[in-house]
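Visitor: Below you'll find the structure I mean.
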Ligand SMILES: Nc1nc2c(c(=O)[nH]1)N[C@H]1C(S)=C(S)[C@@H](COP(=O)(O)OP(=O)(O)OC[C@H]3O[C@@H](n4cnc5c(N)ncnc54)[C@H](O)[C@@H]3O)O[C@H]1N2
Ligand code: MOO
């Protein structure tokens, strides 16, 4: 058996970053992958401004307000308007976000201020030099490198781009991923099940997972179990950046995917030391990479996370790996496995991880229940309380 890393080294070497990029308005760019480095062209905020509604004050020779010294109120400055300079012991009525006038060296919040009846004077309690002034560039300074090419944009990132004044951004175009599922037992949702049949869940799971990662899905459909039909579908898939199939990669004989790929290109069938997800095929049809995932739905999801997602990221210049968290085990594993296991787990109220009772790779409800996948290495036994690395599913933005 190969380790997952050995397989990934070979597979990811075939992932060439896409040549095509597109310019998108930032309001359309959520989840897209940057095809440019983003450097700030300006300071944010662009000038010192007030953090509070109150009074901007020139303290003169003092370092703080006394509560008794009166400051002459010379003007009112609203956000978006520029005030006149303040002389020592002068003040300006000011509002949150308004630019600090020259000469002012603190802002007293209005709750700490008393204005004279005629409105000409103000006194302020407990306000010292620099208080309530948001300094120019305190968020971002000109020249800051904010994001690298390949970074995937979140909602916060989109807000940050807007704060730089960026209206448009260059991102990778969505890769085209062709998918096909095989198996005579498969029926599409909405149709009646016949004897020996099950619903095709992989097709929909894969489509949704690909869409969530900003891919364009080329659905080759559920292919009739003949060599000719399989070849025709795969040839159609050649226009894509990657072809992904599910099912038919194990040792069974009643499947034409392997033969069809071998005829049209090249195929390596591997056993990977992971559970689920042992059988995996990798090859190409013409120049288009081909990945054959196992048929069991949990194995599809786990290999999608561990193999397909890194491939899709690499197509868009992103080499980030799945983050691992560490939790204490709430269970024992006395019998070691010859494969690394990815166990469906939930975190209980005491912070321990508990596993789903049935870890079979045919039990898709275990994944719907799970908050994460706990990793138990090949040959490892586990005692309650042992630390285990966990992939949290929320870290993957599929929901
Ligand atoms: N003698 C051996 N048998 C098996 C081995 C082995 O090493 N020796 N490996 C097992 C492991 S592990 C896995 S994983 C599976 C993988 O099998 P295949 O990739 O060949 O997949 P199929 O046999 O076509 O299907 C497996 C399973 O998944 C169901 N399936 C398939 N496609 C779909 C779909 N689109 N939607 C929902 N469910 C699907 C299918 O009905 C089977 O139950 O092989 C083991 N066997
Ligand atoms: O490796 Mo298979 O994925 O156990 O079920």
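Numbering (full-length UniProt numbering), first residue to last: 1 to 399.
We treat Cβ as the ideally placed atom computed from N, Cα and C, and that holds for glycine.
Restricting to Cα atoms, I'd like to know which of 24, 217, 116, 345 is closest to residue 355.
Guide: Comparing Cα positions, the closest option is 345.
Visitor: Just curious, the beta strand (DSSP E) that residue 111 is in, first and last residue?
Guide: No beta strand (DSSP E) holds residue 111; DSSP gives it neither H nor E.
Visitor: Should residue 366 be listed as close to ligand 2, given that the test is whether its C-beta is under 7 Å from any heavy atom?
Guide: Flag unset: Cβ of residue 366 not near ligand 2.
Visitor: Output yes or no for whether 8 Å exceeds the beta carbon distance between residue 273 and residue 332.
Guide: No, these two residues do not count as a Cβ contact at 8 Å.
Visitor: At which residues does the beta strand (DSSP E) containing residue 373 begin and terminate?
Guide: It spans 372 to 376 - the beta strand (DSSP E) in which residue 373 sits, taken as one unbroken run.
Visitor: Between residue 249 and ligand 1, is the CB less than 7 Å from at least one heavy atom?
Guide: At least one heavy atom of ligand 1 is nearer than 7 Å to the Cβ of residue 249, so yes.
Visitor: What three-state label does DSSP hand residue 213 in the structure shown?
Guide: Three-state DSSP puts residue 213 in coil, outside helix and strand.
Visitor: Answer with buried or exposed for residue 307, where buried requires no fewer than 16 other C-beta atoms within 10 angstroms of its C-beta.
Guide: Buried, because 16 or more other Cβ atoms sit within 10 Å of the Cβ of residue 307.
Visitor: The alpha helix (DSSP H) that contains residue 232, what's its start and end?
Guide: Per DSSP, residue 232 belongs to the alpha helix (DSSP H) from 227 to 237.
Visitor: Specify, as a first and last residue, the run of the beta strand (DSSP E) that residue 195 falls within.
Guide: Looking at the DSSP string, residue 195 is not in any beta strand (DSSP E), and its letter there is neither H nor E.
Visitor: Just curious, the beta strand (DSSP E) that residue 127 is in, first and last residue?
Guide: Where residue 127 is concerned, there is no enclosing beta strand (DSSP E), given that its DSSP letter is neither H nor E.
Visitor: Tell me which residue opens and which closes the alpha helix (DSSP H) that residue 262 is part of.
Guide: Segment 257 to 264, the alpha helix (DSSP H) holding residue 262.
Visitor: Less than 8 Å between the C-beta atoms of residue 55 and residue 79, yes or no?
Guide: No.
Visitor: Counting only the same chain and skipping the five closest in sequence on each side, list residues whose C-beta sits under 7 Å from that of residue 320.
Guide: The residues are 313.
Visitor: Taking a cut-off of 6 Å, which residues have a beta-carbon closer than that to any heavy atom of ligand 2, in chain order?
Guide: In chain order, the qualifying residues are 275, 276, 277, 278, 294, 296, 299, 361.
Visitor: Would you call the CB atoms of residue 291 and residue 282 closer than 8 Å?
Guide: For residue 291 and residue 282, yes; Cβs fall inside 8 Å.
Visitor: What's the gap between the Cα of residue 379 and the Cα of residue 336?
Guide: Each residue's alpha carbon lies about 5 Å from the other.
Visitor: Spatial neighbours of residue 358 within its chain, please: CB distance less than 8 Å, with the 5 preceding and 5 following residues excluded, ordered by chain position.
Guide: Counting only Cβ-Cβ distances below 8 Å, and skipping sequence neighbours, we find 366.
Visitor: For residue 159, count neighbouring C-beta atoms within 10 Å of its own C-beta (all shown protein chains included) and say buried if the count is 16 or more, exposed if not.
Guide: When all chains shown are included, residue 159 counts as exposed.
Visitor: So within the segment 273 to 329, which uninterrupted beta strand (DSSP E) runs reach at least 3 residues, ignoring any that extend past its ends?
Guide: Qualifying beta strand (DSSP E) stretches, in chain order: 279 to 285, 288 to 293, 325 to 329.
Visitor: Which one or two residues does DSSP pair with residue 56 in a beta bridge?
Guide: Per DSSP, 92, 107.
Visitor: Taking the alpha carbon of residue 213 as the point to measure from, which residue in 1, 16, 33 has its own alpha carbon closest?
Guide: The candidate whose alpha carbon is nearest that of residue 213 is 33.
Visitor: Rounded to the nearest angstrom, what separates residue 407 and residue 118 at their Cα positions?
Guide: Any question about residue 407 goes unanswered here, given that the chain covers just 1 to 399.
Visitor: Could you check the C-alpha separation between residue 179 and residue 1 for me, to the nearest Å?
Guide: Answer to the nearest angstrom: the Cα atoms are 26 Å apart.
Visitor: With 16 as the cutoff for other CB atoms within 10 Å, does residue 323 come out buried or exposed?
Guide: Per the 10 Å Cβ criterion, exposed.
Visitor: Per DSSP, what kind of secondary structure is residue 159 in: helix, strand or coil?
Guide: Three-state DSSP puts residue 159 in a helix.
Visitor: According to the Cβ coordinates, are residue 241 and residue 315 closer than 8 Å?
Guide: It is a contact, given that the beta carbons lie within the stated cut-off.
Visitor: Taking 7 Å as the cut-off, does the CB of residue 186 come closer than this to any heavy atom belonging to ligand 1?
Guide: It does: the Cβ of residue 186 is within 7 Å (strictly closer) of some heavy atom of ligand 1.
Visitor: Under 8 Å, do residue 182 and residue 248 count as touching if we go by C-beta distance?
Guide: In this structure, residue 248 lies closer than 8 Å to residue 182 by Cβ.
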